[in-house]
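Using the working numbering, read the sequence shown as starting at 211 and increasing by one per residue. Ideal Cβ placement from N, Cα and C applies to all residues, glycine included. Inspection log for the structure reproduced underneath, given as structure tokens.
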Amino acid sequence: MKKFAFCLVLIIGTAYASHVLAKKHGDELMQQAQSLFKPIPTELQEIEGITLTPERIELGKWLYFDPRLSRSWLISCNTCHNLALGGVDLEETSIGHGWAKGPRNAPTVLNSVFNFAQFWDGRAEDLQAQAKGPVQAGVEMNNTPERVEQTLKSIPEYVQRFRKAFPDDSNPVTFDNMADAIEAFEATLLTPGSPFDQYLNGDSQVLSKAQKKGLKLFMNKGCSSCHNGINVGGGSYQPFGVVEKPGSKILPEKDQGRFTVTETASDKYVFKVPSLRNIELTPPYFHSGQVWDLEQAVAIMGSSQLGIKLSRNETAAIVTFLKTLTGEQPRVEYPILPPHTKGTPLPVIGVSSNAAGH
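Given below as structure tokens:
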């Protein structure tokens, strides 16, 4: 699993200064929040195992938006993780090859580099592994590594870009390098500067009384026991329905979560805790995508995970706080992609094979 190595002196120093400032002014709520959460950094400095060169990031951007990675030439990474829509597709479950409907809701790609694993069941340990999955999944892009490599090698400008991005490789145009480049681009998709991040950095006035009330409830009711850290989630696995299982529509009986990965009985209906960053932008909610209203989602989590019935006022207050997690959206210039050639495998439209989705 990749670990992060940001400018530690700067981050630790900033966090310490903010904590001292909060303590000086007797802001106990801020101190409590700073002990549980960390702000999104404004720049990604370094990640162990990921090479963040301008050439590799730019190539990754091209690949992220290129639908020719799919067998049909209709689906790109951006189709299900639309950067204009908070990194999601606003569908209950994504539509893939041959209009096949995937089994799970597409999680946001924004800030996903901070998740300790990828996909709802955590079957990919990092973004590089994750990038390979949808390309090969029958219900998504329905392609093969061999066909992807054939496509990319048939386009001269891609061959040049791969050589620049992977200068030490004698054969740079590979499926693995495709995934490495996409990972490098996705690692840059951060949303810093949210009101909550400003609060964590010591600005006690940036949140309203209503938002602070919601934050206090979020922590004191137990939501932060799972939704914590830099991504306000994305750092652990938890069973869905700890106290009370939600209805079968929200928790489909056939989708048993991590059990399909580990085949361990205790992992039945266990899923990765989702990040709550930019949550107001990314409905519908839960892996089944069956809940469109954020207040309803919060109420379900209260009863299912915590065993408490939140009042309408409490639910509304928590949602008011959750909206402070919306940060500055990445501004990405849509790339003009190079044309295909006579050697490029042409699109195929048809019924997808059976393969896992998000």
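{"Query": "GLY443 and VAL483 closer than 8 Å at C-beta", "Result": "yes"}
{"Query": "Burial state of ILE528 (16 or more Cβ within 10 Å)", "Result": "buried"}
{"Query": "Residue range of the unbroken alpha helix (DSSP H) whose run includes VAL529", "Result": "522 to 532"}
{"Query": "Touch test, the region 396 to 406 against the region 313 to 330, Cβ-Cβ under 8 Å, three pairs minimum", "Result": "yes"}
{"Query": "Collapsed DSSP secondary structure at GLN448 in the structure displayed", "Result": "strand"}
{"Query": "Selection from PRO494, ARG541 and GLY439 that minimises the alpha carbon distance to LYS248", "Result": "GLY439"}
{"Query": "Neighbourhood of PHE469 by C-beta, 6 Å cutoff - its chain only, sequence neighbours within 5 removed", "Result": "ASP477 and LYS478"}
{"Query": "Per-residue DSSP class, three states only, for ASN288", "Result": "helix"}
{"Query": "Bounding residues of the alpha helix (DSSP H) (the contiguous stretch that carries PHE385)", "Result": "385 to 396"}
{"Query": "Anticipated Cβ contact below 8 Å, ALA389 with GLN338, distance rounded", "Result": "5 Å"}
{"Query": "Burial state of TRP502 (16 or more Cβ within 10 Å)", "Result": "exposed"}
{"Query": "Pairwise C-alpha distance: CYS290 and GLN244", "Result": "33 Å"}
{"Query": "Closest residue to ASP276 among VAL508, ASN288 and PRO377 (Cα-Cα distance)", "Result": "ASN288"}
{"Query": "Inter-stretch contact (C-beta, 8 Å, three-pair minimum) for the region 418 to 429 and the region 301 to 321", "Result": "no"}
{"Query": "Pair within 8 Å by beta-carbon distance, GLY567 and ARG281", "Result": "no"}
{"Query": "Rounded separation between THR252 and ASN411 - CA only", "Result": "12 Å"}
{"Query": "SER351 to SER286 span [Cα, whole Å]", "Result": "The amino acid occupying residue 351 in the given sequence is Met; Ser does not appear at that position. If I take the Cα positions, the gap works out to 8 Å."}
{"Query": "Residue nearest to GLY517 in terms of C-alpha spacing, selected from GLU454, ALA347, SER414 and THR554", "Result": "GLU454"}
{"Query": "Pick from GLN242, ASP336, GLY348 and PRO344 that is closest to GLY560, judged by C-alpha positions", "Result": "GLY348"}
{"Query": "Close beta carbons around GLY451, own chain, < 7 Å, minus the five adjacent residues each side", "Result": "LEU461, TYR479 and SER514"}
{"Query": "Three-state secondary structure (DSSP) of TYR495", "Result": "strand"}
{"Query": "8 Å Cβ cutoff met for PRO493 and LEU486", "Result": "no"}
{"Query": "Straight-line gap, LYS552 to ALA475 (C-alpha atoms, nearest Å)", "Result": "51 Å"}
{"Query": "The region 374 to 381 touching the region 428 to 436, judged by at least three CB pairs closer than 8 Å", "Result": "no"}
{"Query": "Proximity test, Cβ basis, 8 Å: SER476 and chain B", "Result": "Here chain B cannot be found, since the structure has a single protein chain."}
{"Query": "DSSP three-state assignment for ALA507, whether helix, strand or coil", "Result": "helix"}
{"Query": "Beta strand (DSSP E) segment containing VAL480, residue limits", "Result": "480 to 482"}
{"Query": "Three-way DSSP call (helix, strand, coil) for PHE326 in this model", "Result": "coil"}
{"Query": "Cutoff 8 Å; reference VAL459; Cβ partners in own chain excluding five residues on either side", "Result": "A quick correction: the sequence has Lys, not Val, at residue 459. Only SER498 and GLN500 meet the Cβ criterion."}
{"Query": "Contacting residues, own chain, Cβ-Cβ under 7 Å from ASN441 (five flanking each side not counted)", "Result": "ASN321, PHE324, ASN325, SER485 and ARG487"}
{"Query": "Range of the contiguous alpha helix (DSSP H) that encloses ILE305", "Result": "Careful: ILE305 lies outside any alpha helix (DSSP H) and carries neither H nor E."}
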